[in-house]
Every structure is written in structure tokens, then in C-alpha cells.
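Under the working numbering, the first residue of the sequence shown is numbered 5, with each subsequent residue one higher. What follows is a set of notes on a single structure, which appears directly below.
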Amino acid sequence: MITRFWAETATALVTLAFGLIVVWGALEFGIGWDTSGPQPGAFPFYTGALVALASVGTLVV
């Protein structure tokens, strides 16, 4: 039987991997600020970073 602890840990690891993949992919499009506004990778970068950070928070707590 799988305990709640292991289910939460596995889910946090999967979402951490997903967040890091999104961050890595966003870096290819640029995450800075251009003359016309944010570059195309800015929103996916910060969204992936937020998902990864929340996953790390779940693993720590």
C-alpha cells in the first residue's frame, strides 16, 4: 500500500521535473525585456519557476 507521504513525494518530484523542463524550454526563447516588451519565454519561465518552487516547498514541508 502506498502511503500519503510517498504519494505526495512522487507527485512533487513529477511536478518539479515538469517545472524545470518548462524553465529550460523557456530559456531558448529569451526571458528578458525587449524594446517592445517581455520576450516570448518570460511568462513560461516564471510559470515554470513558480511550479518548481512550489514543488520544492512541498518536498521540504
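Backbone N, C-alpha and C define an ideal beta-carbon position, used for all residues, glycine too.
Span of the alpha helix (DSSP H), counted from its first residue to its last, around residue i
| i | result |
| --- | --- |
| residue 25 | 8-31 |
| residue 45 | Residue 45 -> no alpha helix (DSSP H), and no H or E assigned at all. |
Cα-Cα separation, residue i to residue j
| i | j | result |
| --- | --- | --- |
| residue 34 | residue 45 | 5 angstroms |
| residue 11 | residue 36 | 37 angstroms |
| residue 8 | residue 49 | 30 angstroms |
| residue 54 | residue 23 | 8 angstroms |
Closest by C-alpha distance to residue i, when choosing among the options
| i | options | result |
| --- | --- | --- |
| residue 64 | 23, 38, 29 and 13 | 13 |
| residue 47 | 61, 60 and 32 | 32 |
Residues near residue i in its chain [Cβ-Cβ closer than 7 angstroms; skip 5 each side]
| i | result |
| --- | --- |
| residue 20 | 56, 59 and 60 |
Counterpart residues of residue i in DSSP-defined beta bridges
| i | result |
| --- | --- |
| residue 41 | 38 |
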